[in-house]
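**Q** What follows is a structure written as C-alpha cells; I'll ask about it next.
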Amino acid sequence: MTRIDFYVLASENPGEIQTFACRLAEKAFRSGLHVLIAVDNAEQAQELDDLLWTYREDSFLPHAQQNKDQQTAIEINSGEDPGQHHGLLINLSSDIPAWFSRFERLAEIVCQHPESLTRSRTRYSHFRDRGYPLQSHNITN
C-alpha cells in the first residue's frame, strides 16, 4: 500500500512548494529512488524543469519531462500515464492523480497559504478514510 507523506512548510509562499519539491527530489535521488513529479500542464512542467536546473548552484539533478522512449532518475509528468514508475511520486498537481496507488510513496507538500491548507486537509481526509498509512513532517527551513 502506498505510504503518504505530508510535508508541511512554515512559509505562506506557494512558490516555496516547488523549491521544496526540488530538495525532496534531490534527497530521494541521492538515496537511489526514481522520482516522478506530477504537475497540471506543460507550462508548469517547463517551469519545474527550469527550476531543477537552477534551484541550487552546487547541485546537478538528472531530470527530464516524462518521455516514453527514455527514463531519467527524476521525471516531470504533466498528466500522462506514469508508465513504469513506482518509486516516489511528488504531487504538485491540483488533483490526486488517479494512478497514485501504484507508487511506493506519495509526497504532498503544503504551505501555510489558505488554499494550500484547504487542499491538503481534503487530501489528508481522502487518504485517511481509505486506510493509507500517513506521515506528517513539519519543515521549518
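If you read the sequence shown in the working numbering, its first letter stands for residue 602, the second for the next number, and so on.
The beta carbon of each residue, even a glycine, is placed where N, CA and C say it ideally should be.
How is the alpha helix (DSSP H) around Ser660 delimited, first residue to last?
**A** Where Ser660 is concerned, there is no enclosing alpha helix (DSSP H), given that its DSSP letter is neither H nor E.
**Q** Who are the Cβ neighbours of Gly688 in its own chain at under 8 Å, not counting the five residues just before and after it?
**A** Excluding residues within five positions, the ones whose Cβ falls inside 8 Å are Ala629, Leu634, His635, Val636, Leu637, Phe704, Glu705 and Arg706.
**Q** Measure how close the beta-carbons of Ala708 and Ile677 come, nearest whole angstrom, since I'm counting them as under 8 Å.
**A** Actually they do not touch by this definition, with Cβ atoms about 14 Å apart.
**Q** Expressed to the nearest angstrom, what Euclidean distance is found between the alpha-carbon atoms of Arg724 and Thr741?
**A** For Arg724 and Thr741, the distance between alpha carbons rounds to 22 Å.
**Q** Of the residues Thr673, Pro615 and Leu662, which one's Cα is nearest the Cα of Leu625?
**A** Of Thr673, Pro615 and Leu662, the residue nearest in Cα terms is Leu662.
**Q** From Leu718 to Thr603, what does the alpha carbon distance come to, in whole angstroms?
**A** Whole-angstrom Cα-Cα distance: 22 Å.
**Q** So if DSSP puts Ile740 in a beta bridge, which residue, or which two residues, is it bridged to?
**A** Partner(s): Leu610.
**Q** Look up Val636 in the DSSP assignment and give the residues it is bridged to.
**A** For Val636, which the question treats as bridged, DSSP gives the partners Ile675 and Leu689.
**Q** Apart from the five residues just before and just after Ser702, which ones in its own chain have a Cβ nearer than 6 Å to its Cβ?
**A** The residues are Thr603.
**Q** Helix, strand or coil for Glu709? Go by DSSP, reduced to three states.
**A** Of the three classes helix, strand and coil, the one that applies to Glu709 here is strand, per DSSP.
**Q** Starting from Arg604, follow its DSSP beta bridges and name the residues at the other end.
**A** According to DSSP, which records beta bridges pairwise, Arg604 is partnered with Arg706.
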